[in-house]
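Visitor: Sharing a structure below in structure tokens format, with a few things to ask.
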Amino acid sequence: MVEEIASTADGNIILNLGPQHPATHGVLHLVITINGETIQKVEPHLGYIHRSIEKMCESLTYRQFIYVTSRMDYLSSHINNHACALCVEKGLQIEIPSRSQVIRVLMDELTRIASHELWWGAMAMDLGAFTPFFHAFREREAINDIMEETCGARLTMNYMVPGGVMQDIHPNFQRRVKEFITLFKSKVSEYNELVTGNIIFQNRMKGVGNLSAADAISFGCTGPTARGSGVSCDIRKLYPYEIYEKLDFEEILESDGDSFARYMVRVREMSQSISIIEQLIDNIPEGDFQAKTKAVLKLPKGEFYQRVETARGDFGVYIVSEGGTTPYRIKYRSPGFSNLSALDHMARGSKLGDLVAMMGTLDLVIPDIDR
Amino acid sequence: MFILKYIKEVYNGLKSLVVGLRRTLYYFSHHKEIITQQYPDNRDTLVFPDRFKGEVVMLHDDNNEHACTGCTACELACPNATIKIITKFDITPEGKKKKAIDKFVYHLELCTMCNLCVVACPTNAIKMAQTFEHSVFNRAELTKVLNKPASKIREGVE
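What follows is the structure, given as structure tokens:
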């Protein structure tokens, strides 16, 4: 909790939030300078969960390094794995079968819903509402069950491999997903009843944590954080990968730039992901689920970059290859790091009590920031 | 005007309270909607999907025979050095030397259940089991030898 309180010469108080604090959603350490109740400065201290994943990946082969990325942004682990698999495929210059493309997109969108569900529950809990957390986990559980059946795990699936997906979808997959769509549609009105329409929630969110479009761009914010400020940055739309360009969906933008706008982007994205799944679930093409690849993958000498849209924003994988079986250097561009950098700008001048609400709308996953 | 605004705010606040509580009362009176499972009590009826990744096991048939040739494909595929295969040389009836596994050592404490070893195995000798309660008091118990004592390779598996 609050560990130490020290006051500076000009009457400001320095307050430590974290690293072990439930509202920081992980081991994030914030050093807050406050004057009375007004925030002067927020300084995030990182590195508490640094595992040197980028260095680790240099000693793993192109098949092996993918599983580690599930441990970065563990809430959108499928999408991280997807980015790595796409980057390796780009280097190998192989076309993957259309069946595996559709399966990948379906899994991505299910992961996005699951991630936003958890965020929604945690967001409400940050503001003191405890029940929505259980409501969110009820629907998330349905997605986890689907994942468990097809991929064999609930959180760190390691389902995407270079060339396609590891196993074919389970025979029950389509039925289970359709059941989930029906369930989600019947429950989504509850979300709006309980949280979105709640007057206390709206008062705490509207006009708090303003981030203008220009600031969002200059801080490098991506994903729902930037889209809440009206910045068009959806990689699925701007640099389409897999079959996203053939799908019918709109980029969700809100123009207000406050916490409530970011909240609405995510809530609307859940319904949008449902509509993407609906377009695909009955149209999974027949064929192989994996392209034929060599037993030992070797990328040609060169540099490869692939970006995808995770639930938090633009995730990039940069591989430098010397022609061997392991990458020479790997760099991940994680969305959480850039989004966190905007926190100081957003929080300055606002009250201490609103800081947690702002942090909640950034949707931080600390292992993704530290890696 | 201020009074009107104030009354409106109070009305809206009460309204959203009632809307929220209506949902709470609905679940209070609809027990069929509860999906919680009482985990340690329902252990006997707990069913896991076939693909659930709990731990790596080696498949043995009734004659205590397995399909592992000791090719170390799984050992090479593993990202964490979870698997260590110790091989020996058997003497076949014809008097030839034949490579076979002595011990298939599996470090459960290092395993991340990524399924890469199972995919890599050319003879389908290993698979993922659905067990998940892996807690033990002594860490050494997590290092397992997967091939059963006195087991040997099945005829015809190369």
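Chains as they are written, first to last, in our numbering: chain A, 1 to 371; chain B, 372 to 529. Yeah, the Cβ is synthetic: ideal placement off N, Cα and C, and Gly gets one too. Given the structure is predicted, the values throughout are model-derived calculations rather than measurements.
In the region 170 to 199 of chain A, which residues sit with their C-beta less than 8 Å from some C-beta in chain B, listed in chain order?
Guide: Listed in sequence order: H170, E190, E193, L194, G197, N198, I199.
Visitor: How many angstroms separate the CA atom of A:V2 from the CA atom of A:L15?
Guide: The count along the first sequence starts at 1 and reaches residue 2 of chain A at position 2. The count along the first sequence starts at 1 and reaches residue 15 of chain A at position 15. Low per-residue confidence applies at A:V2: pLDDT is 48, beneath 50, and the placement is therefore not dependable, though the value from the model is reported in the following sentence. Computed Cα separation, rounded: 7 Å.
Visitor: I need the DSSP call for A:T456, collapsed to helix, strand or coil.
Guide: Nothing in the structure corresponds to residue 456 of chain A, since chain A is present only between 1 and 371.
Visitor: Chain A beta carbons: is any one of them nearer than 9 Å to that of B:P450?
Guide: Here residue 450 of chain B refers to the residue found at position 79 when the second sequence is read from its first residue. Chain A, which has a Cβ nearer than 9 Å to the Cβ of B:P450, makes this yes.
Visitor: Just to check my reading of the structure: A:R348 and A:K41 have Cβ atoms closer than 8 Å, yes? What is that Cβ distance to the nearest angstrom?
Guide: Translated into the one-based positions of the first sequence, residue 348 of chain A becomes position 348. Translated into the one-based positions of the first sequence, residue 41 of chain A becomes position 41. Their Cβ separation, rounded to whole angstroms, is 7 Å, which keeps A:R348 and A:K41 in contact under 8 Å.
Visitor: Can the beta-carbon of A:S70 be found closer than 9 Å to that of A:N81?
Guide: Walking along the first sequence from the start, residue 70 of chain A turns up at place 70. Walking along the first sequence from the start, residue 81 of chain A turns up at place 81. It is a contact, given that the beta carbons lie within the stated cut-off.
Visitor: Evaluate contact between the region 391 to 410 of chain B and the region 207 to 221 of chain A, counting only Cβ atoms and requiring at least three cross-stretch pairs below 8 Å.
Guide: Touching, no, given that fewer than three Cβ pairs across the two stretches are closer than 8 Å.
Visitor: Using a beta-carbon distance cut-off of less than 7 Å, what residues from the region 475 to 492 of chain B approach chain A?
Guide: For the region 475 to 492 of chain B, which is checked against every Cβ of chain A, the residues closer than 7 Å are T483, M484, C485, N486, L487, V490.
Visitor: If you run the structure through DSSP and keep just helix, strand and coil, what is A:R371?
Guide: Here residue 371 of chain A corresponds to residue number 371 of the first sequence, with the count starting at 1. The answer is coil: DSSP assigns A:R371 none of H, G, I, E or B.
Visitor: Which residues in the same chain have their Cβ closer than 6 Å to the Cβ of A:R112, if we skip the five residues on either side of it in sequence?
Guide: Within the first sequence, the letter at position 112 stands for residue 112 of chain A. So the qualifying residues of the chain are S273, A311.
Visitor: For a cutoff of 9 Å on Cβ pairs, would you count B:V428 as touching chain A?
Guide: Position 57 of the second sequence, counted from the first residue, corresponds to residue 428 of chain B. Chain A contact via Cβ: absent.
Visitor: How would you call A:R204, buried or exposed, if buried means at least 16 neighbouring beta carbons within 10 angstroms?
Guide: The sequence position of residue 204 of chain A within the first sequence is 204, counting from 1. Label assigned to A:R204: buried.
Visitor: Do you know how far the Cα of B:A521 is from the Cα of A:L28?
Guide: As a position in the first sequence, residue 28 of chain A is number 28, starting the count at 1. As a position in the second sequence, residue 521 of chain B is number 150, starting the count at 1. If I take the Cα positions, the gap works out to 53 Å.
Visitor: Could you tell me the alpha carbon to alpha carbon distance between A:T33 and A:I13, rounded to whole angstroms?
Guide: Mapped onto the first sequence, residue 33 of chain A falls at position 33. Mapped onto the first sequence, residue 13 of chain A falls at position 13. In a straight line, the C-alpha of A:T33 is about 6 Å away from that of A:I13.
Visitor: Could you tell me the alpha carbon to alpha carbon distance between B:T483 and A:I79, rounded to whole angstroms?
Guide: Taking the first residue of the second sequence as position 1, residue 483 of chain B is located at position 112. Taking the first residue of the first sequence as position 1, residue 79 of chain A is located at position 79. If I take the Cα positions, the gap works out to 19 Å.
Visitor: Taking Cβ-Cβ distances shorter than 8 Å, what residues in chain A pair up with B:S387?
Guide: Position 16 of the second sequence, counting from 1, holds the residue named residue 387 of chain B. The contacting residues are G197, N198, I199, I200.
Visitor: Within 9 Å of any Cβ in chain B, is that where the Cβ of A:F130 sits?
Guide: Stepping through the first sequence from its first residue, residue 130 of chain A is reached at position 130. No, no contact with chain B.
Visitor: Using a Cβ cut-off of 9 Å (strictly closer), state whether A:M1 contacts chain B.
Guide: Numbered from its first residue, the first sequence carries residue 1 of chain A at position 1. The predicted position of A:M1 is uncertain, since its pLDDT is 45 and thus under 50; a value taken from the coordinates is nonetheless stated next. It does not: the Cβ of A:M1 has no partner Cβ on chain B nearer than 9 Å.
Visitor: Using a Cβ cut-off of 8 Å, pull out every chain B residue sitting near A:M166, in sequence order please.
Guide: On the first sequence, residue 166 of chain A is found 166 positions in, with the first residue counted as 1. Within chain B, the residues near A:M166 are N486, V490.
Visitor: Determine the chain B residues that contact A:N158 at a beta-carbon separation under 7 Å, and present them in chain order.
Guide: Translated into positions along the first sequence, residue 158 of chain A becomes position 158. Going along chain B in sequence order, the residues near A:N158 (Cβ under 7 Å) are C485, N486.
Visitor: Tell me whether B:K424 is buried or exposed, calling it buried when 16 or more other Cβ atoms sit within 10 Å of its Cβ.
Guide: What you label residue 424 of chain B is simply residue 53 of the second sequence in a count that begins at 1. Label assigned to B:K424: buried.
Visitor: Could one say the Cβ of A:T150 lies closer than 9 Å to chain B's Cβ atoms, at least one of them?
Guide: As a first step, residue 150 of chain A must be located in the first sequence, where it is residue number 150. At least one chain B Cβ lies under 9 Å of A:T150.
Visitor: Could you spell out the range, first to last residue, of the alpha helix (DSSP H) harbouring A:G360?
Guide: For the purposes of this step, residue 360 of chain A is taken as residue 360 along the first sequence, with counting starting at 1. Here the alpha helix (DSSP H) through A:G360 covers 355 to 362.
Visitor: Does chain A have any CB closer than 9 Å to the CB of B:P520?
Guide: Position 149 of the second sequence, counted from the first residue, corresponds to residue 520 of chain B. B:P520 does not count as touching chain A.
Visitor: Our contact map puts A:V165 next to A:F289 with C-beta atoms below 8 Å; I'd like the distance itself, whole angstroms only.
Guide: By one-based count along the first sequence, residue 165 of chain A stands at place 165. By one-based count along the first sequence, residue 289 of chain A stands at place 289. The pair is a contact, with the Cβ atoms about 5 Å apart (cut-off 8 Å).
Visitor: Using the three-state DSSP reduction, which class does A:N16 fall into: helix, strand or coil?
Guide: Walking along the first sequence from the start, residue 16 of chain A turns up at place 16. Three-state DSSP puts A:N16 in a strand.
Visitor: Using a Cβ-Cβ cut-off of 8 Å (strictly less than) and excluding sequence neighbours within five positions of A:V296, which residues of its own chain qualify?
Guide: The count along the first sequence starts at 1 and reaches residue 296 of chain A at position 296. If we look at A:V296 and ignore the five residues flanking it on each side, its Cβ neighbours are T61, T325.
Visitor: For A:L60, go through chain B and note every residue whose CB falls closer than 8 Å to its CB, in chain order.
Guide: Here residue 60 of chain A refers to the residue found at position 60 when the first sequence is read from its first residue. Ordered by position in chain B, the residues that pass the 8 Å Cβ test against A:L60 are P450.
Visitor: How about B:V418: is its C-beta nearer than 9 Å to some C-beta of chain A?
Guide: Here residue 418 of chain B refers to the residue found at position 47 of the second sequence. Answer no: the Cβ-Cβ gap between B:V418 and chain A never drops below 9 Å.
Visitor: Under the assumption that A:A357 contacts A:D126 (Cβ atoms under 8 Å), give the Cβ distance between them as a whole number of angstroms.
Guide: By 1-based counting over the first sequence, the position of residue 357 of chain A is 357. By 1-based counting over the first sequence, the position of residue 126 of chain A is 126. At roughly 6 Å, the Cβ-Cβ gap stays under 8 Å, so A:A357 and A:D126 are in contact.
Visitor: CB A:V188 to CB A:D354, shorter than 9 Å?
Guide: Walking along the first sequence from the start, residue 188 of chain A turns up at place 188. Walking along the first sequence from the start, residue 354 of chain A turns up at place 354. No, Cβ-Cβ distance for A:V188 and A:D354 is not below 9 Å.
Visitor: Determine, for A:A357, whether the minimum Cβ-Cβ distance to residues of chain B falls below 9 Å.
Guide: Residue 357 of chain A sits at position 357 when you count from the first residue of the first sequence. With 9 Å as the cut-off, A:A357 does not count as an interface residue toward chain B.
Visitor: Could you round the C-beta distance between A:E193 and B:G384 to whole angstroms and report it? I think they count as a contact, below 8 Å.
Guide: Residue numbering aside, residue 193 of chain A sits at position 193 when the first sequence is read from its first letter. Residue numbering aside, residue 384 of chain B sits at position 13 when the second sequence is read from its first letter. Not quite, the Cβ-Cβ distance comes to about 15 Å (not below 8 Å), so this is no contact.
Visitor: Is A:V308 helix, strand or coil by DSSP?
Guide: Here residue 308 of chain A corresponds to residue number 308 of the first sequence, with the count starting at 1. Strand at A:V308.
Visitor: With distances taken between CB atoms, is the gap from A:M107 to A:M160 smaller than 9 Å?
Guide: Numbered from its first residue, the first sequence carries residue 107 of chain A at position 107. Numbered from its first residue, the first sequence carries residue 160 of chain A at position 160. Cβ distance < 9 Å, so A:M107 and A:M160 count as in contact.
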